[in-house]
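Here is the structure:
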């Protein structure tokens with residue numbers, strides 16, 4: 001239906017991965033920014049819309065928090081143009097959907113939403129009205145050469161074949177005139193039931209009235225299944241659950257596209273590479289980080305702690321020209337005599353022509369002559385769990401005498417001129433590294449460029465103020481931010497954007513004094529000590 005403009009803006013259901021839910025919103029909004037369209041987010045369980053133009057900050061925060069929490073596998077979206085107006089042209093919306101599906105790692109599939117409801121009767125009631133009034137929804141299915149099929153899925157619980165057949169037959173009022181084709185149909189209608197188990201409900205502290213209504217409206221549930229559900233009406237909590245769980249929502253629509261970007265997780269699997277190491281970033285995180293850089297053809301991306309090149313490959317996949325550096329060139333080269341390991345792996349992926357080079361130097365003593373060179377800087381700084389960050393210089397704290405003048409070898413040449421010479425290095429404290437990285441990004445990025453990095457932190461010590469605040473750099477964050485939680489510690493994905501076109505000086509990479517000790521301070525030592533709590537002010541004196 002080329003150029004089809006409809007009265008109400010189309011809505012679409014995103015079926016998302018349940019892993020790493022805190023990365024959903026950054027993944028979606030970065031892709032939207034890359035392709036130049038806006039998003040409107042709708043609550044998948046109560047039609048609650050987020051509209052910034054209405055200045056409804058509470059509603060926006062609540063809906064984002066819900067998506068961020070991962071309680072639902074679905075998100076409902078609409079599209080806006082550069083002026084913030086809703087896009088009503090269907091073909092334009094479908095193009096945006098395909099761009100999301102091709103780029104967003106978290107998307108499993110995208111569906112044009114006909115309606116969603118808490119029960120099957122309510123869904124049918126609405127769909128029968130749209131059958132009469134919203135002809136645009138059904139037009140492709142009435143074309144002479146069309147074909148269709150139904151896909152019934154149940155999220156959170158299993159469904160028998162007989163129950164699936166009953167659901168499909170309940171849509172008989174649609175009166176389709178086109179043939180049914182189960183394999184590769186022209187139109188695939190999708191029906192999703194989403195359930196939430198009793199434990200998740202109890203954690204959510206839902207009202208007893210809401211729970212009872214949902215329980216009684218479970219489609220095709222037997223009386224036995226209903227009766228095993230127990231609710232504490234006074235506390236508003238579940239105290240037991242049946243084998244059906246609790247129906248939260250039914251979504252009905254038409255498949256637009258599958259999420260092809262998720263296939264890249266397998267393609268870039270670490271163990272399938274020609275070259276990798278113990279600290280190589282896993283493929284899903286590498287792809288999510290690359291998405292935050294807005295990598296695309298014609299852009300340049302730099303990784304100052306490249307290691308085995310995991311982040312270089314994923315940025316190069318999206319078309320960017322990439323360059324990496326590391327203080328220890330052995331990580332990038334590997335031991336194979338056939339050539340540098342990063343280049344060999346890139347060749348296997350068909351990306352060798354996008355790897356500009358891999359350089360060996362200390363980023364604090366870099367050879368860049370000017371700033372404003374890169375569209376993005378992406379990195380996973382070494383934080384000392386397996387291999388700590390290093391910088392050139394003598395380690396004055398290890399108690400060993402280190403020479404401060406060149407060493408002359410027996411053959412008459414200096415040691416630092418020998419092949420394979422490894423210069424003296426010292427630990428690079430995480431607090432200094434993070435602050436230097438932000439200043440370095442401000443100097444090296446073009447206006448609008450992004451700095452993307454992982455920040456390890458002790459969970460109980462984390463504070464939003466741990467991310468350095470400097471003029472010209474703004475953190476882009478949704479809710480409490482994106483993180484991988486490992487219990488007592490986590491690593492947080494930090495995305496910052498250069499907000500102006502000012503010319504900033506080269507960082508001096510000198511130690512900094514922080515008003516507050518950040519949660520990532522002295523991280524390697526605290527990791528080895530099991531993250532024992534830091535003594536509070538005055539605690540040491542009291543114990544003495």
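Residue numbers (the UniProt record's numbering): 1 to 544. Cβ coordinates follow ideal geometry from the N, Cα and C atoms, glycine included. Owing to the predicted nature of the structure, the values given are computational and were not obtained by experimental measurement.
Residue closest to residue i, alpha-carbon to alpha-carbon, out of the options
i           : options            : result
residue 369 : 34, 507, 193       : 507
residue 469 : 75, 502, 514       : 514
residue 10  : 29, 67, 92         : 92
residue 464 : 70, 350, 477, 473  : 477
residue 72  : 251, 123, 331      : 251
residue 126 : 306, 420, 173      : 173
residue 362 : 493, 148, 325, 349 : 325
residue 443 : 494, 366, 493, 395 : 366
residue 294 : 79, 83, 100        : 100
residue 390 : 425, 160, 460, 491 : 425
residue 35  : 74, 96, 62         : 96
residue 273 : 350, 190, 490      : 350
residue 253 : 406, 114, 18       : 114
residue 255 : 413, 196, 291, 189 : 189
residue 150 : 171, 88, 78        : 171
residue 501 : 527, 493, 447, 532 : 447
residue 524 : 263, 451, 129, 458 : 458
residue 169 : 124, 290, 196, 131 : 124
residue 432 : 291, 517, 16, 167  : 517
residue 305 : 434, 419, 154      : 434
residue 452 : 302, 526, 472      : 302
residue 82  : 116, 63, 65, 37    : 37
residue 327 : 131, 421, 117      : 421
residue 16  : 105, 311, 181      : 105
residue 462 : 490, 46, 130       : 490
Pair within 8 Å by beta-carbon distance, residue i and residue j
i           : j           : result
residue 308 : residue 275 : yes
residue 186 : residue 146 : yes
residue 466 : residue 519 : yes
residue 416 : residue 423 : yes
residue 260 : residue 102 : yes
residue 332 : residue 358 : yes
residue 59  : residue 21  : no
residue 299 : residue 286 : no
residue 441 : residue 377 : yes
residue 107 : residue 67  : no
Euclidean distance between Cα positions of residue i and residue j
i           : j           : result
residue 521 : residue 481 : 19 Å
residue 393 : residue 382 : 18 Å
residue 353 : residue 313 : 11 Å
residue 356 : residue 183 : 44 Å
residue 193 : residue 164 : 11 Å
residue 284 : residue 271 : 13 Å
residue 511 : residue 428 : 10 Å
residue 175 : residue 161 : 22 Å
residue 483 : residue 23  : 8 Å
residue 119 : residue 43  : 17 Å
residue 335 : residue 12  : 50 Å
residue 216 : residue 177 : Model confidence at residue 216 stands at a pLDDT of 36, short of 50, so the residue's coordinates are unreliable and nothing is read from them.
residue 32  : residue 475 : 18 Å
residue 529 : residue 280 : 24 Å
residue 497 : residue 436 : 15 Å
residue 373 : residue 128 : 58 Å
residue 449 : residue 532 : 38 Å
residue 88  : residue 122 : 26 Å
residue 75  : residue 86  : 17 Å
residue 222 : residue 487 : Its pLDDT being 42, under 50, residue 222 is placed unreliably by the model, and nothing is read from it.
residue 78  : residue 167 : 28 Å
residue 413 : residue 18  : 60 Å
residue 318 : residue 471 : 30 Å
residue 505 : residue 499 : 16 Å
residue 116 : residue 179 : 26 Å
residue 405 : residue 419 : 19 Å
residue 456 : residue 348 : 31 Å
residue 90  : residue 112 : 10 Å
residue 344 : residue 277 : 14 Å
residue 492 : residue 445 : 21 Å
Beta-carbon separation (whole angstroms), residue i vs residue j, contact threshold 8 Å
i           : j           : result
residue 29  : residue 14  : That belief does not hold up - the Cβ atoms of residue 29 and residue 14 are roughly 13 Å apart, past 8 Å.
residue 109 : residue 282 : The Cβ separation is near 23 Å, so there is no contact.
residue 454 : residue 364 : The Cβ separation is near 19 Å, so there is no contact.
residue 27  : residue 288 : 6 Å
residue 329 : residue 360 : 3 Å
residue 248 : residue 195 : 6 Å
residue 479 : residue 62  : Not quite, the Cβ-Cβ distance comes to about 10 Å (not below 8 Å), so this is no contact.
Below-8 Å beta-carbon distance, residue i vs any chain B residue
i          : result
residue 87 : Absent here is chain B; the protein component of the structure consists of one chain.
In chain order, what are the residue ranges of uninterrupted beta strand (DSSP E) at least 3 long that sit wholly in the region 139-183? Restricting attention to beta strand (DSSP E) runs no shorter than 3 residues, the region 139-183 encloses them at 148-155, ordered along the chain.
My parser needs the beta strand (DSSP E) runs of 3 or more residues fully inside the region 416-479; what are they? Inside the region 416-479, DSSP marks whole beta strand (DSSP E) runs of 3 or more residues at positions 425-427, 445-458, 473-475, from first to last along the chain.
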